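Engineer: Numbering (our numbering), first residue to last: 570 to 916.
Note that the Cβ used here is the ideal one computed from N, Cα and C, for glycine as well.
Because the structure is a prediction, the values reported are computed rather than measured.
(1) Which one or two residues does DSSP pair with residue 750 in a beta bridge?
(2) Threshold first: 3 residues or longer. Then list the beta strand (DSSP E) segments lying entirely within the segment 694 to 750, N to C.
(3) Give me the Cβ distance between residue 673 and residue 707, rounded to the nearest whole Å; I'm assuming they're in contact under 8 Å.
(4) State the start and end residues of the unbroken alpha helix (DSSP H) segment that holds residue 835.
(5) Identify every residue that forms a DSSP beta bridge with residue 893.
(6) Taking the alpha carbon of residue 783 as the point to measure from, which residue in 735, 847, 570, 619 has its own alpha carbon closest?
(7) Among 821, 820, 841, which one has its Cα closest to the Cα of residue 828?
(8) Counting only the same chain and skipping the five closest in sequence on each side, list residues whose C-beta sits under 8 Å from that of residue 635.
(9) Whole angstroms is fine: what's the gap from residue 642's alpha carbon to residue 668's?
(10) May I ask you to report which of helix, strand or coil DSSP gives residue 804?
(11) With a floor of 4 residues, list each alpha helix (DSSP H) that falls wholly inside the segment 597 to 638, ordered by position along the chain.
(12) Quick check: the Cα distance between residue 819 and residue 893, rounded to an integer number of angstroms?
(13) Quick check on the burial criterion: 16 or more other C-beta atoms within 10 angstroms. Buried or exposed for residue 571?
(14) For residue 866, is the classification buried or exposed, using 16 other Cβ atoms within 10 angstroms of its Cβ as the cut-off for buried?
Encoded structure:
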């Protein structure tokens with residue numbers, strides 16, 4: 570196994586992590602420095618997990634995210650197409666962010682893909698997007714791989730680009746599976762990065778006895794997927810005798826509100842969210858969405874995979890990890906968003 574990692578400080582503030590695999594060979598550098606002297610050129614599989622991840626930050630650091638995600642993925646594609654790297658398959662870590670707002674259902678129009686929520690709607694507290702056809706109220710339904718990708722953030726756009734550029738490799742007989750991971754959380758997610766992982770941010774604040782800030786009306790819906798379930802999905806894709814290609818949702822299929830997540834984290838820590846204090850801030854970030862929940866039928870059928878970790882069990886493992894780690898105050902990230910005019914609503 571050969572691993573390339575540039576040890577981006579936002580993800581690895583202390584440098585190389587203590588959990589490196591002693592059986593693997595590591596190159597601590599940017600992959601664009603390849604080909605490296607000790608790097609093989611033929612692989613059973615290439616798993617591309619590297620990315621800058623932060624929806625909000627990507628909206629004012631667009632060039633950084635484009636270089637880190639889109640350019641790096643295109644560079645990998647170039648090497649494979651030119652056969653300077655050969656692989657039987659590629660597994661690409663994509664994201665539910667490629668969809669933008671999740672699929673909705675209108676009683677009159679059926680399944681619809683809503684438009685971007687406006688600043689006026691946010692100011693009025695109209696959080697659930699209406700039907701783009703008739704303007705009626707809508708409810709969320711699970712999002713399928715066949716639903717149109719409409720990214721709302723630069724991060725989502727770079728992942729969509731990555732899927733497209735790697736997907737073109739199918740013309741060169743290299744099957745590419747783009748796994749659209751939903752909201753990952755769990756051990757080893759650094760709380761030192763305030764832009765990634767609302768679960769780790771909430772866990773750090775709760776353990777520090779600090780109040781929480783929850784966006785919109787607290788009823789934002791997310792599909793939280795424990796990292797162990799994500800790893801299981803990747804392993805099943807690698808072990809499958811016939812490689813898969815195309816996009817695949819990897820999510821729990823369970824809709825959890827941010828308020829429910831906060832209460833669960835507080836409960837599992839032995840605290841009370843009401844005693845800690847929390848603010849429903851009535852605001853949303855540019856690039857954020859109301860709800861996007863996975864339809865993982867394809868993963869169940871092709872990989873015999875399903876998410877098995879309950880929210881409480883996953884939160885417990887996250888709290889065990891976060892205890893004793895250092896965190897970055899998330900208020901700084903919030904202030905940056907406000908400075909760039911990327912907060913919408915009544916906060």
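Structural biologist: Looking at the atomic coordinates:
(1) 664, 819
(2) 745 to 750
(3) 4 Å
(4) 827 to 838
(5) Answer by DSSP bridge pairing: none, since residue 893 is not bridged.
(6) 847
(7) 841
(8) 723, 727
(9) 19 Å
(10) helix
(11) 624 to 627, 631 to 634
(12) 30 Å
(13) exposed
(14) exposed
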